[in-house]
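Protein chains in written order, with the working numbering: chain A, 11 to 155; chain B, 11 to 155. Note that beta-carbon positions come from the ideal geometry of N, C-alpha and C, so glycine has one too. In this text, all values refer to a predicted model and were calculated from it rather than measured experimentally. Written below as C-alpha cells is the structure these notes are about.
There are 2 protein chains.
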Amino acid sequence: MMELTRKGEYAIRGIVYLAGKPLDKVCLLSDIAAAVDVPPTFLAKIFQQFSKIGLVRSFRGTGGGFMLGRAPENITLLEVVEAVEGPIIPNRCVCAPQDCDRSSFCNVHPIWKQVQEQVCGVLTGVTLKDLSDGKIKPQPTDLAK
Amino acid sequence: MMELTRKGEYAIRGIVYLAGKPLDKVCLLSDIAAAVDVPPTFLAKIFQQFSKIGLVRSFRGTGGGFMLGRAPENITLLEVVEAVEGPIIPNRCVCAPQDCDRSSFCNVHPIWKQVQEQVCGVLTGVTLKDLSDGKIKPQPTDLAK
DNA sequence: CCTAAAAGGATACATAATGTCTTTTTAGGG
DNA sequence: CCCTAAAAAGACATTATGTATCCTTTTAGG
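This is the structure we're talking about:
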C-alpha cells in the first residue's frame, strides 16, 4: 500500500536532477534521462505534464530542452509528487465524505484524515533544493521522539 | 497515491463489524457482508486470508461463520491494513536500499522512511475496539499542533 | 447421509501502470 | 527558405493489479 509508482520515482529523479543545475541552464531531455536512468520517452511525458503546470519550463527546437520552472527552494516534494501521482488520498472518503454516511465503520474517516495530514506534512517540509543539496532537514516529528 | 483499495476498505468494514459483536458470537459471512454492504464472495476471500493469520477465526459447516481472532483492543488498524494490502511501503527503496545506490536522487530515501513511520504510527495508534466504539483516540501528533 | 457453511481454485473483466512509436509543432542556423 | 534539432501530442501495446464471480471441495451438525 501507499507505493510510489515508477512514474513518480522517475519524476522525482528527473526534477531533482534539474534542481541541481543552474537555474538558467537548459538541459536536453536525452541527457537528463541518461543521467538519472529513466526511459527517455517516459520522462518526456512526465515533463510535458510538469511543463503545463509550470514546475519546469520547456524550449522547443534546436538548442531546446528543460529547466526548472522556479527556484528549487520554492518547490516542495509534495508538489512534485501530487503533480505526477495526483492528490494524497489514503481513502476515497477523505475527499468524498458523502460516501461515508454509514454508521459504524466510518469511524475510520478521521484516521485517514490524520494519515493524509502526516504524509503531506512530511512532503511539504522538503524542497527540491534540500534534495539536490543532499541536506535533508530533520522533520519536527523526528525531534519529538 | 497512497489509496486504500476496495479490498482494504471492505476488510476494515468487515472486521470492525466483527469487533462490535461479542467475542464468542459466530457471525455468518452472508450476514456480515449484507450488514457492511460488501460483495459476499469478495469478503469471503478476505476473511480466508485473515483466518490464516489468526485475525479472525472461522468455523465450517452448519452453524459455522466467523468471529474475531483476538480481543478487539489488541488488534491495531495497521495490522488489518497490512494483512490485506501488504506492508506500508511508500517507495521500493525503503525496503531494498540496494536499489538506491545512485548518487544524488536517493537523498529522498530518508523522506520515504519518515513517511512510512508517520503512517504506521497513526495506524498503530488505533485499535478495532476504538473503531467499533466510535471513540477515536487523538494522536500525539494532533496534540502537538 | 443430507444440508449448511467456509476453503480453495479457476476464471473473467476493467482499470491502471509502464512504456513505445509516429506525427506534428516549434525554433535556430545556414 | 529550407534543414535539422528538439519538444508536444496522440495513438497504441503490453503487462500487472484490482475487483470481483463461479464452481468444486472440504468440514461439520443434525
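| query | result |
| --- | --- |
| Any non-hydrogen atom of the ligand MG closer than 7 Å to B:Gln59 Cβ | The ligand MG is not among the ligands present in this structure, which contains no ligands whatsoever. |
| The segment 135-144 of chain B in contact with the segment 74-88 of chain B per 3-pair CB rule at 8 Å | yes |
| The segment 83-106 of chain A: positions lying closer than 7 Å to chain B by Cβ | Leu87, Val91, Glu95, Gly96, Ile98, Ile99, Pro100 and Asn101 |
| Any C-beta of chain B under 8 Å from that of A:Met11 | yes |
| Neighbourhood of B:Ala54 by C-beta, 7 Å cutoff - its chain only, sequence neighbours within 5 removed | Leu39 |
| Within 8 Å of chain B by C-beta, residues of the segment 28-58 of chain A in sequence order | Gly30, Val46 and Asp47 |
| Extent of the continuous beta strand (DSSP E) to which A:Arg67 belongs | Val66 to Phe69 |
| Closer than 8 Å to chain A by CB, B:Ile146 | yes |
| Cβ shell of B:Gly75 (< 7 Å), same chain only, five flanking positions each side left out | Val36, Cys37, Leu38, Leu39 and Phe69 |
| Members of the segment 130-145 of chain A near chain B, C-beta cut-off 9 Å | Gly131, Val132, Leu133, Gly135, Val136, Asp140, Leu141, Ser142, Asp143, Gly144 and Lys145 |
| Candidates B:Val66, B:Lys31 and B:Thr72, of which the one nearest B:Ser142 by Cα | B:Lys31 |
| Closest by C-alpha distance to A:Leu78, when choosing among A:Ile146, A:Lys139, A:His119 and A:Met11 | A:Lys139 |
| Uninterrupted alpha helix (DSSP H) stretches inside the segment 13-101 of chain A (no shorter than 4 residues) | 16-29, 39-46, 50-62 and 87-95 |
| 8 Å Cβ cutoff met for B:Val129 and A:Val125 | yes |
| Other residues of its chain near A:Pro50: CB distance less than 7 Å, five sequence neighbours each side excluded | Leu39, Ser40 and Ala43 |
| C-beta neighbour in chain B for A:Val118, strict 8 Å | yes |
| Residue-chain proximity (A:Leu14, chain B), Cβ-Cβ < 8 Å | yes |
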